[in-house]
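Protein chains in written order, with our numbering: chain G, 872 to 1210; chain E, 88 to 340.
In structure tokens:
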């Protein structure tokens, strides 16, 4: 401050230090531990500003509101103004929001979505790998090969019913079976992925069966007529024609799973996780959170800076959903064939 | 008189409780075009579908009696319906090419049955099948174009090419011209004339003119019974049964 020629009497050292995020001391300590040689030298650092200073620069905190705020004083805000004049305090996009892990209530500015995005991606991967083959196989069997009798009628009714079961019930099921009975770890993407797979399966089965049904029977007759077996008729002709519908259904199912919150709360994915999960497949068993749960979590926090965080996370989630829906449209256009 | 290719003995077909075919016995000759005529719902298509066991794909269908092709019972437990259908080709009412290229449509059968060793042999099979179906000259320059992009008549001839590509001995045609205009119908009928040299052809048709134009033998079906079977000229000039006469003179049907 002296170097910048600012008035040092207007504010005490502690209050001045509070301009910087509480994340900063930890970052500095870790740096010194990693580089003991740096002691006694001058190193440039970039730290996040504290949540209130951040809000002041964005206009949410004013000198008037700071009078009534225990967490920030008008003197601090004036110092922030001075630092901004001097070019030391800058406003720019915080990419750490997309990569950093969550942070505690005391330092909203450091909270990020890194763990949540990774957790959601891991779960989507598990859902895709499990639900797509199982769902398509079940639909092909039910639609093309299964005899029509009481048993298959019951199976069909139950699939439709499963699609309407409240998601929180799947969460309880996951807690009881995957965690309590099978002993899988809590808060892990593997459990979340399994629960979401169960939820997504009916969606995929229903849309796959609809697209199998929409393939004209004349195509099956044509294949059987030249001596294809039923298996060949299905895999060479019916499935390729149904593929666009299957893909669309799968992506819509995945998008639904991506936005699902309730079942994840029950299997402990609401936990506060500071460490990024490892690389798959071991990472599937590491604790993680998920995007919608992170949003839910942040809306519960008291510091007003989390309003902004939660809004940002909602935008990220919506971008993911829009991207997936756009992909569904593109794939359907690409593979659609007329006959 | 040609030797018998297909011999049916007391064939009965039920769809659930509905008795669709009642005690039909018929001998179908080799290298002959045999027409099945009759009013809608008389069972002629059902009987045709028995000859290559396409009725197997309908869960409620039940077939009794014997159908012998070259003295072998096709409903015998040892007979694989898939192999049977390679030997007994079928052309359907509506042209139903696969949504693939013209080449792939014809090559599909030979491919799954492993009839061709290598690309050159497959090309040869495709060309000869398309020539037999009188389609080669029209499509030889665009074999990679979609089969569904052809006109209706061309599509039906493509389906015939697809059926003959697996070198069948018998061709079953289920109203092959009902979706075609008169010119395309004429082309397909000429084709059926030529096909008789190599195959035994069984054709189901609604058109009595067509039956008299293309066939040597005609069977008249009525409410699941085969009422009359004989030389086409006899059926149309001197029907023995009153019901046949009513039908061909236009009083019923």
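We put the CB at the ideal spot given by N, CA and C, even for glycine.
Cβ neighbour criterion (16 or more within 10 Å) applied to residue 983 of chain G: Walking along the first chain from the start, residue 983 of chain G turns up at place 112. Residue 983 of chain G should be labelled buried.
Counted within 10 angstroms of its Cβ, other Cβ atoms place residue 930 of chain G as buried (16 or more) or exposed: Locating residue 930 of chain G in the first chain gives position 59, where the first residue counts as 1. Exposed, since its Cβ has fewer than 16 Cβ neighbours within 10 Å.
Rounded C-alpha distance that separates residue 1210 of chain G from residue 212 of chain E: Residue mapping note: residue 1210 of chain G aligns to position 339 of the first chain, counting from 1. Residue mapping note: residue 212 of chain E aligns to position 125 of the second chain, counting from 1. Confidence at residue 1210 of chain G is low in this model, with a pLDDT of 46, below 50, so its placement is unreliable and no value can be given for it.
Top-ranked residue by Cα proximity to residue 104 of chain E, from E:117, E:135, E:124, E:150: On the second chain, position 17 is the one that residue 104 of chain E refers to. If we check each option's Cα against that of residue 104 of chain E, E:150 comes out closest.
Any C-beta of chain C under 9 Å from that of residue 1098 of chain G: The displayed structure is made up of protein chains G and E, and chain C is not among them.
Any C-beta of chain G under 9 Å from that of residue 195 of chain E: Numbered from 1 along the second chain, position 108 holds the residue referred to as residue 195 of chain E. Closer than 9 Å: yes.
Cβ-based neighbour list, residue 186 of chain E, same chain, cut-off 8 Å, excluding 5 preceding and 5 following: Position 99 of the second chain, counting from 1, holds the residue named residue 186 of chain E. Excluding residues within five positions, the ones whose Cβ falls inside 8 Å are 233, 234, 235.
Counterpart residues of residue 312 of chain E in DSSP-defined beta bridges: The residue you call residue 312 of chain E lines up with position 225 of the second chain. Answer by DSSP bridge pairing, in chain order: E:309.
Residue 924 of chain G vs residue 948 of chain G beta-carbon contact at 9 Å: The sequence position of residue 924 of chain G within the first chain is 53, counting from 1. The sequence position of residue 948 of chain G within the first chain is 77, counting from 1. Cβ distance < 9 Å, so residue 924 of chain G and residue 948 of chain G count as in contact.
At least three beta-carbon pairs within less than 8 Å, the stretch 309 to 323 of chain E to the stretch 123 to 135 of chain E: yes
Residue-chain proximity (residue 290 of chain E, chain G), Cβ-Cβ < 9 Å: To locate residue 290 of chain E, count along the second chain from 1; it is residue 203. It does not: the Cβ of residue 290 of chain E has no partner Cβ on chain G nearer than 9 Å.
For residue 1202 of chain G, the nearest candidate out of G:1064, G:1019, G:1116, G:1026 (CA to CA): As a first step, residue 1202 of chain G is located in the first chain; it is residue number 331 there, counting from the start. Of the candidates G:1064, G:1019, G:1116, G:1026, the one whose C-alpha sits nearest the C-alpha of residue 1202 of chain G is G:1116.
Residue 154 of chain E, enclosing beta strand (DSSP E) - first and last residue: Along the second chain, one-based indexing puts residue 154 of chain E at 67. Looking at the DSSP string, the run of the beta strand (DSSP E) that includes residue 154 of chain E is 148 to 156.
9 Å Cβ cutoff, residue 199 of chain E in contact with chain G: Position 112 of the second chain, counted from the first residue, corresponds to residue 199 of chain E. True, the Cβ-Cβ gap to chain G drops below 9 Å.
Nearest-angstrom Cα separation, counted from residue 1193 of chain G out to residue 1123 of chain G: As a first step, residue 1123 of chain G is located in the first chain; it is residue number 252 there, counting from the start. As a first step, residue 1193 of chain G is located in the first chain; it is residue number 322 there, counting from the start. Approximately 11 Å between the Cα atoms of the pair.
Proximal residues to residue 1172 of chain G (C-beta, below 6 Å), its chain only, five neighbours per side dropped: Here residue 1172 of chain G is taken as the residue at index 301 of the first chain, counted from 1. These residues qualify, in order along the chain: 976.
Minimum C-alpha distance to residue 299 of chain E - residue among E:285, E:287, E:335: Against the second chain, residue 299 of chain E aligns to sequence position 212. Among E:285, E:287, E:335, the Cα nearest to that of residue 299 of chain E is on E:335.
Classification of residue 1129 of chain G by the beta-carbon crowding that lies within 10 angstroms, buried from 16 upward: As a working mapping, residue 1129 of chain G is identified with position 258 in the first chain. Counting Cβ neighbours within 10 Å, residue 1129 of chain G comes out buried, since at least 16 surround it.
Where residue 1018 of chain G meets chain E, residues with beta-carbon distance less than 7 Å: As a first step, residue 1018 of chain G must be located in the first chain, where it is residue number 147. Near residue 1018 of chain G (Cβ distances below 7 Å), the residues of chain E are 146.
Endpoints, the beta strand (DSSP E) within which residue 128 of chain E is located: For the purposes of this step, residue 128 of chain E is taken as residue 41 along the second chain, with counting starting at 1. Looking at the DSSP string, residue 128 of chain E is not in any beta strand (DSSP E), and its letter there is neither H nor E.
Residue 165 of chain E, buried or exposed, once every other Cβ within 10 Å from all chains shown has been counted against 16: Taking the first residue of the second chain as 1, we reach residue 165 of chain E at position 78. Exposed is the call here.
Closest residue to residue 287 of chain E among E:329, E:138, E:237 (Cα-Cα distance): Position 200 of the second chain, counting from 1, holds the residue named residue 287 of chain E. The shortest C-alpha separation from residue 287 of chain E is found at E:138.
At least 3 beta-carbon pairs within less than 8 Å: the stretch 1039 to 1049 of chain G vs the stretch 1022 to 1031 of chain G: no
For residue 287 of chain E, three-class secondary structure by DSSP: Mapped onto the second chain, residue 287 of chain E falls at position 200. Looking at residue 287 of chain E - three-state DSSP - the assignment turns out to be strand.
Nearest candidate by alpha-carbon position, reference residue 92 of chain E, set E:239, E:118, E:332: Residue 92 of chain E sits at position 5 when you count from the first residue of the second chain. The residue with the shortest Cα to Cα distance from residue 92 of chain E is E:118.
Interface flag, residue 1089 of chain G vs chain E, CB-CB below 9 Å: Start at 1 with the first residue of the first chain, and residue 1089 of chain G comes out as number 218. Taking Cβ atoms only, chain E reaches closer than 9 Å to residue 1089 of chain G, which makes this a yes.
Residues sharing a beta bridge with residue 176 of chain E, DSSP: What you label residue 176 of chain E is simply residue 89 of the second chain in a count that begins at 1. According to DSSP, residue 176 of chain E bridges with E:258.
Amino acids of chain G, ordered along the chain, whose beta-carbon sits closer than 9 Å to that of residue 323 of chain E: If you number the second chain from 1, residue 323 of chain E lands on position 236. Under the 9 Å cutoff, chain G gives no residues; its nearest Cβ is about 30 Å from residue 323 of chain E.
Within chain E, the residues that residue 1093 of chain G reaches when beta carbons sit closer than 8 Å: The residue you call residue 1093 of chain G lines up with position 222 of the first chain. Result: 179, 183, 184, 185, 246, 249.
Residue range of the unbroken beta strand (DSSP E) whose run includes residue 1079 of chain G: Numbered from 1 along the first chain, position 208 holds the residue referred to as residue 1079 of chain G. Segment 1060 to 1084 is the alpha helix (DSSP H) holding residue 1079 of chain G; no beta strand (DSSP E) there.
Within 9 Å, strictly: CB atoms of residue 98 of chain E and residue 106 of chain E: Within the second chain, the letter at position 11 stands for residue 98 of chain E. Within the second chain, the letter at position 19 stands for residue 106 of chain E. Contact flag unset, no.
C-alpha gap between residue 247 of chain E and residue 1155 of chain G, whole angstroms: Residue mapping note: residue 247 of chain E aligns to position 160 of the second chain, counting from 1. Residue mapping note: residue 1155 of chain G aligns to position 284 of the first chain, counting from 1. Roughly 55 Å separates the two Cα atoms.
Given residue 259 of chain E as reference, the closest of E:110, E:89, E:173 once Cα atoms are compared: By one-based count along the second chain, residue 259 of chain E stands at place 172. Here the closest residue by C-alpha is E:173.
For residue 204 of chain E, the residue or residues it bridges with in DSSP: In the second chain, residue 204 of chain E corresponds to position 117, counting from 1. In the DSSP output, where bridge partners are listed per residue, residue 204 of chain E has none listed.
Beta carbon of residue 1080 of chain G nearer than 9 Å to that of residue 1108 of chain G: Walking along the first chain from the start, residue 1080 of chain G turns up at place 209. Walking along the first chain from the start, residue 1108 of chain G turns up at place 237. For residue 1080 of chain G and residue 1108 of chain G, no; Cβs fall outside 9 Å.
Proximal chain G residues relative to residue 172 of chain E, where beta-carbon distance stays under 9 Å: Position 85 of the second chain holds residue 172 of chain E. Correct list: 1095, 1096, 1097, 1098, 1099.
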